[in-house]
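This report concerns only the one structure given below.
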Amino acid sequence: MRGTRDDLRPTGGPVDAGDEALRRLVRLTRETLSEEATREVWPVDENGLRRLQRAPERSLRLRWPVVSVLGLAALAAVVAPIGWFAARRPGPLTFEVIDGTVGTAGEIHQGRSGTRIHFSDGSDIALGREARAQVGVLAAEGGRIVLSNGRAHTFFVPRPHTRWQVVAGPYIVQVTGTIFDVQWSEGNQAFDIWLQKGSVRVSGPLIGDGIVVTHGHHLLTRVKDNKILLDSQAEPAEPLVAPEAAAAEPAPIIPEPVTGEGAESSHPSVNLGAGGGGSAHAALPARSWSRRLARGDFEAVVAAAEHRGIESVLARGPLSQLSALADAARYTRRSRLAGRALVAERERFPETSEGREATFFLGNLAEDAGDQRGAVSWYGRYLREDASGTYAAQSLGRKMLIESDGSRTAARADAADYLRRFPAGSYADAARLILKQ
Amino acid sequence: MTLQRDHRGPGTGRSLVYHLNSMKASRTDRPALIAYLPSATLADADDVALVRGLVAGDPRATREAWRRFGPMVRRILLRTLGPESELEDLSQEVFITFFDRVKTLRDPRTLTAFIMSITTFKIRHHLRWRWLRRWLVLPGQVEKLELRSFQPNAEAREALVRFFKILDRLNAVDRTAFTLRFVEELELRDVAAALDLSLATTKRRLTRTWKRLACLVRTDPALSELLPAFDKGIEGGASV
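Those protein sequences? They're chains A and B, same order as listed. Going by the working numbering, the first residue of the first sequence is number 229, and it counts up by one from there. Going by the working numbering, the first residue of the second sequence is number 1300, and it counts up by one from there.
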């Protein structure tokens, strides 16, 4: 069983100092820890055997540490990533107001010179002289800024998954990372936004789910006049024109205001349903339908859907494509196609915000088509399904106005409900009027 | 393998007959019959008789196995792991497993290899546990035994301590294989059997381990100074 001393080294190569030293260390180990020395220092006695026979649980003793270590390792494997992500996850944003103060409800009281709101992620909002603003909800990903009157110059730091919202009157500006000026005149119900960089999605009265406004463009809406315009007008330099004044005299900066349906075709810069699929946007390389939509290339989105097969998109297309097709169809006044896309969106993705909002746009489509009962039905359904949704105020307001032509009782009930829920909303005056009658 | 026990006739006292099925040694599909007739003492009994006694639960066989294999188990533990305080526990672990598993032994003639295999298994398990404990920085540092009882030469003791530190850098299998082959001087096939490795793998591992250790030893500055001194220690010329 034992080998010979001559075969100690596994190879027959030249003997170097390391080999020789190792050979001597092996010999030292063997001779120091010899069987005789072991017997002498560590004798095998009967006591050891008795201990062995008395301790049947010994086998368990060494296993427990293994079990605990494995348990700890498993726990660490679960907890460590969570801890790592938790440590990396930024906390809610904070903000400071420069040359101004903050009220108890988050409203900003302006100082003598230009007031600024500076956020911990580097985003910044400079308020105009007449501006009334409020910092609403703040989270790690962004927050909601309410501009109830006046103008603000905003800069939002582009970051992944940011969710900023600027609520200017009844308009909601969905922001990622961008620079823009936004203005809302409460008295004249006038909304303006000038994009310097990036893009935003604006929704609100007249534009519904709205429109994507890209850099270099200016979107104007006048709710009272039922006017909407998208052009390349540069933002007015500071000092800002008083919002009321700007709203009262839109003519100089609006070559030909858009009024009602089909009017957009008379103005080449208006992207709302512009039939001009051959606009400059079409030449841009589009990587996805959403990108094309964001660029205002609505015709290309519809063409892509037709190329793939409308039925296929409606039945199997992902939500983003379905949503883009519905928007593009609405903007290009393909009401039937838009309606089908919205119904598919609603039926296939009922749990998503897009799916719920499709109900509101179906109401819009029905209203545009003169189907008032259908519109009331869709608006009512939206209010039941998403009572606190983005378009709740508009749904209730539109429903109230439609019903005011027929069922006065229903209109009064809607008006009361509207004033209770949205006392400063864009349909508040109409609601008060209905209640007075 | 199954063992079936029955009493061979009335009044035979402790005479028992065991049917060892599938025994490797018998090389037959038929159950083998091995009779266990205990003698007055087991000190001179061969491994086969000892296994019979162990399987029968004879306390004298247990004592004899403890006495016969205890020094070998301790020596291997000591030479592989170095002097540390957990050796006693490990030794007991080996025998607990041995007494528990001896009935699964197919060929009683391989008893020595069987217990050596259990010992190497425990050593590898212990080395891995020691590594894990060190890696996780768990409390319970292994206490070292006093080497003075084994080696009176101070330089030689220091050289041994350094050598065991170098061995700590090997993985469990390589370290065990190295000790069995070069310190215990076992045949290659016995090392392979004890570690449950193929002969080729064992050779390859040993060659690699030797080269690595030779390199580590050569580059250890303290060992190169200690080597001449401990040669004297082995010859017993140096004092503590």
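Glycine included, C-beta positions come from ideal geometry on N, C-alpha and C.
Query: Reduced DSSP secondary structure (H/G/I, E/B, other) of B:G1308; Result: With a pLDDT of 35 at B:G1308, under the threshold of 50, the modelled position of this residue cannot be trusted; read the value that follows with caution. Coil, per DSSP.
Query: Under 9 Å (Cβ pairs) to chain B, residues found in the stretch 246-260 of chain A; Result: G246, D247, E248, A249, L250, R251, R252, L253, V254, R255, L256, T257, R258, E259 and T260
Query: Selection from B:D1467, B:L1389, B:R1474 and B:A1455 that minimises the alpha carbon distance to A:A249; Result: B:A1455
Query: Residue range of the unbroken beta strand (DSSP E) whose run includes A:Q424; Result: A418 to K425
Query: Within 8 Å, strictly: CB atoms of A:V374 and A:A361; Result: yes
Query: 7 Å CB neighbourhood of A:T329 in its chain, flanking five on each side removed; Result: H337
Query: Under 7 Å by beta carbon: chain A residues contacting B:R1468; Result: Result: empty, since nearest Cβ-Cβ is about 14 Å, beyond 7 Å.
Query: Backbone secondary structure at A:Y399 - three-state DSSP; Result: strand
Query: Euclidean distance between Cα positions of A:A245 and B:L1525; Result: 14 Å
Query: Spatially closest choice to A:L448 from A:I439, A:G426 and A:I421, by CA coordinates; Result: A:I421
Query: Counted within 10 angstroms of its Cβ, other Cβ atoms place A:P398 as buried (16 or more) or exposed; Result: buried
Query: Residue from A:P578, A:F419 and A:E274 with nearest C-alpha to B:P1540; Result: Look at the range of chain B in this structure, 1300 to 1539, and you will see that residue 1540 of chain B is not part of it.
Query: Cβ shell of A:R186 (< 6 Å), same chain only, five flanking positions each side left out; Result: Because chain A here runs from 229 to 665, residue 186 of chain A falls outside it and cannot be looked at.
Query: B:L1485 classed as buried or exposed, judged by whether at least 16 other C-beta atoms fall within 10 angstroms; Result: buried
Query: Helix, strand or coil at A:V541 [DSSP, three-state]; Result: helix
Query: Buried/exposed call for B:L1500, threshold 16 Cβ in 10 Å; Result: Reading the sequence as shown, one finds Thr at residue 1500 of chain B and not Leu. Exposed: under 16 other Cβ atoms inside 10 Å.
Query: B:L1494 at chain A interface by Cβ criterion, 8 Å; Result: no
Query: A:R279 at chain B interface by Cβ criterion, 8 Å; Result: yes
Query: Chain B residues whose Cβ lies nearer than 8 Å to that of A:V306; Result: Residues of chain B passing the Cβ test: none, with the nearest at roughly 16 Å.
Query: Interface positions of the stretch 521-555 of chain A facing chain B (Cβ-Cβ less than 7 Å), listed along the chain; Result: none
Query: Selection from A:R278, A:L423, A:N454 and A:K455 that minimises the alpha carbon distance to A:H445; Result: A:L423
Query: Spatially closest choice to A:G724 from A:G598, A:I345, A:A652 and A:Y619, by CA coordinates; Result: No answer is possible for residue 724 of chain A: it lies beyond the span of chain A, which begins at 229 and ends at 665.
Query: Nearest-angstrom Cα separation, counted from A:G602 out to A:E595; Result: 7 Å
Query: Delimiting residues of the alpha helix (DSSP H) encompassing B:I1417; Result: L1410 to W1434
Query: Chain B residues whose Cβ lies nearer than 7 Å to that of A:R267; Result: P1370
Query: Residues bridged to A:D459 (per DSSP); Result: A:H446
Query: Min CB distance A:L263 to chain B below 8 Å; Result: Looking at the sequence itself, residue 263 of chain A is Glu, so the reference to Leu does not match. Answer yes: the Cβ-Cβ gap between A:E263 and chain B drops below 8 Å somewhere.
Query: Bridge partners - A:D381, DSSP secondary structure assignment; Result: The identity of residue 381 of chain A in the sequence shown is His, whereas the question assumes Asp. The partner list for A:H381 (beta bridge, DSSP) reads A:A354 and A:D409.
Query: Unbroken stretches of the alpha helix (DSSP H), 4 residues or longer, contained in the stretch 1444-1529 of chain B; Result: 1453-1466, 1471-1477, 1487-1494 and 1498-1517
Query: Burial state of B:E1542 (16 or more Cβ within 10 Å); Result: In the structure displayed, chain B extends from 1300 to 1539; residue 1542 of chain B sits before or after that span and is not available.
Query: Validate contact between the stretch 1394-1412 of chain B and the stretch 1464-1473 of chain B using beta carbons, cut 8 Å, 3 pairs; Result: no
Query: Partners in chain B for A:W312, counting only beta-carbon separations shorter than 7 Å; Result: The premise fails here: A:W312 is roughly 19 Å from chain B at the closest Cβ pair, so nothing lies under 7 Å.
Query: A:S563 (DSSP reduced to helix, strand or coil); Result: helix
Query: CB-CB length for A:W412 against A:N377, believed under 8 Å; Result: 6 Å
Query: Any alpha helix (DSSP H) of 4 or more consecutive residues that is wholly inside the stretch 1339-1389 of chain B; Result: 1346-1355 and 1358-1380
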